[in-house]
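Structure first, then comments.
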Amino acid sequence: MCIINFLVAMIPGILWMWYIYKSDKFEPEPLGNVIMVFLGGFLAVIPVALIEVGISAMLGISGNIDTLYEAVSSSWFVAGILEEFAKFSVVLFAVYYTKEFDEPIDGIVYSSAAALGFASLENFFYISKMGIGVILIRGPLSTAAHMLFSAFWGYGLGRGKFHPKIARRLAISGLLLAAGAHGLFDFFLMSSKVFSPELGSLLAFLVIPLMITLWIILLREIRKDESISPFNPHRKPDELDEYDDTNEIA
Numbered sequence: 014m015c016i017i018n019f020l021v022a023m024i025p026g027i028l029w030m031w032y033i034y035k036s037d038k039f040e041p042e043p044l045g046n047v048i049m050v051f052l053g054g055f056l057a058v059i060p061v062a063l064i065e066v067g068i069s070a071m072l073g074i075s076g077n078i079d080t081l082y083e084a085v086s087s088s089w090f091v092a093g094i095l096e097e098f099a100k101f102s103v104v105l106f107a108v109y110y111t112k113e114f115d116e117p118i119d120g121i122v123y124s125s126a127a128a129l130g131f132a133s134l135e136n137f138f139y140i141s142k143m144g145i146g147v148i149l150i151r152g153p154l155s156t157a158a159h160m161l162f163s164a165f166w167g168y169g170l171g172r173g174k175f176h177p178k179i180a181r182r183l184a185i186s187g188l189l190l191a192a193g194a195h196g197l198f199d200f201f202l203m204s205s206k207v208f209s210p211e212l213g214s215l216l217a218f219l220v221i222p223l224m225i226t227l228w229i230i231l232l233r234e235i236r237k238d239e240s241i242s243p244f245n246p247h248r249k250p251d252e253l254d255e256y257d258d259t260n261e262i263a
């Protein structure tokens, strides 16, 4: 039964990863690198979970999360910041400085790999605790959400690789946006524990427009990255090229 749960937990992440991988049309990343980053995100769940326990204790967050303070702290300062930084670190240290990272879209490919690996082990834990049926919600929602959050800093890494003078700014702003979106998503889902049933249901429903917005952003980022790829025979000008001619420091 444990093996079945594990396989089911992995399916959504693999399917989403295949979709993103196929979006890299001009110079696809080595599959071995993508798998390595996926596994890195997968394994990152364990130390992150341990750190989250410690931070939650320091911040006075109970397991029930039934106050506004606990919901905000858990959503943004525990899950949002820590989890996005962990996934970011996997990509930064595993592949960012390699020669294979040679297109802007590579940032999104690898950020998706780390995020989907992370979400896959989370799926296994949730299935083990709540039953296999939970994957029907986590597969299209939470698993995809991890990918969408991380696309912010993935986009920043991808663009920054080719614009070193603003690379740090792009990476940091991407991380902050990812943590913010991640925290907002978690807060909406936790709202039923904090507010009245009516308000809690309304806030939980806002997850849907949030996901739609994040999908629109991701698809635009992919199209943009592909249009300026150095391997695209019809490459369009990159508006960030202007920073390469300035003395601005990242």
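Remember, the numbering used here sits 13 above the position in the sequence shown when you count from 1.
Positions of the beta carbon are idealized from the N, C-alpha and C atoms, including for glycine.
For residue i and residue j, what's the separation of their Cα atoms in angstroms?
i, j, result
"G26", "A192", "20 Å"
"H159", "S88", "13 Å"
"I118", "K112", "14 Å"
"A157", "S125", "9 Å"
"N136", "F201", "19 Å"
"T226", "K142", "30 Å"
"A92", "H195", "7 Å"
"S163", "D37", "17 Å"
"V147", "K249", "43 Å"
"M224", "A217", "12 Å"
"Y45", "V220", "At residue 45 the sequence reads Gly, which differs from the Tyr that was named. Spanning the two alpha carbons is a distance of roughly 34 Å."
"V281", "S186", "Here the chain has residues from 14 to 263 only, and residue 281 is not among them."
"R172", "Y34", "18 Å"
"D199", "L232", "22 Å"
"E40", "L190", "27 Å"
"L154", "L81", "24 Å"
"P222", "I121", "22 Å"
"D251", "E65", "39 Å"
Taking residue i as part of the alpha helix (DSSP H), name the residues at either end of that continuous run.
i, result
"E40", "Careful: E40 lies outside any alpha helix (DSSP H) and carries neither H nor E."
"P222", "V220 to S240"
"D119", "D119 to M143"
"N18", "C15 to S36"
Which whole-angstrom value describes the C-beta separation of residue i and residue j, a residue pair presumed to lie in contact below a C-beta threshold of 8 Å?
i, j, result
"K206", "D79", "5 Å"
"Y110", "L170", "Wrong, their Cβ atoms sit about 11 Å apart, outside the cutoff."
"G144", "G54", "Incorrect: roughly 24 Å between the Cβ atoms, too far for contact."
"S242", "E42", "Contact flag wrong, Cβ pair sits at about 12 Å."
"M23", "S204", "Not a contact, Cβ separation roughly 30 Å."
"K174", "F114", "6 Å"
"V61", "A127", "The Cβ separation is near 12 Å, so there is no contact."
"L188", "F98", "7 Å"
Using 7 Å as the cut-off, classify the Cβ of residue i as near or not near the heavy atoms of the ligand COA, replying yes or no.
i, result
"F114", "You won't find the ligand COA in this model; it holds no ligand whatsoever."
Let me confirm a value: residue i is counted as buried when at least 16 other C-beta atoms fall within 10 Å, else exposed. Which label applies?
i, result
"G76", "exposed"
"S86", "buried"
"W166", "buried"
"Y139", "buried"
"E211", "exposed"
"E96", "buried"
"K100", "buried"
"M30", "buried"
"R151", "buried"
"Y168", "buried"
"Y32", "exposed"
"V47", "buried"
"Y123", "buried"
"I229", "exposed"
"G67", "exposed"
"I74", "buried"
"I262", "Confidence is the limiting factor: at I262 the pLDDT is only 35, short of 50, which leaves the residue's position unreliable, though a coordinate-based value still follows. With fewer than 16 Cβ atoms within 10 Å of its Cβ, I262 is classed as exposed."
"H247", "exposed"
"I94", "buried"
Every unbroken alpha helix (DSSP H) within the segment 39 to 105, with a cutoff of 4 residues, ordered by chain: Within the segment 39 to 105, the complete alpha helix (DSSP H) segments at least 4 residues long are 44 to 72, 81 to 85 and 97 to 104, listed from N- to C-terminus.
Counting only runs of 4+ residues fully inside the segment 145 to 216, write out the alpha helix (DSSP H) ranges in chain order. If only uninterrupted alpha helix (DSSP H) runs of at least 4 residues are considered, those enclosed by the segment 145 to 216 are 157 to 173 and 180 to 207.
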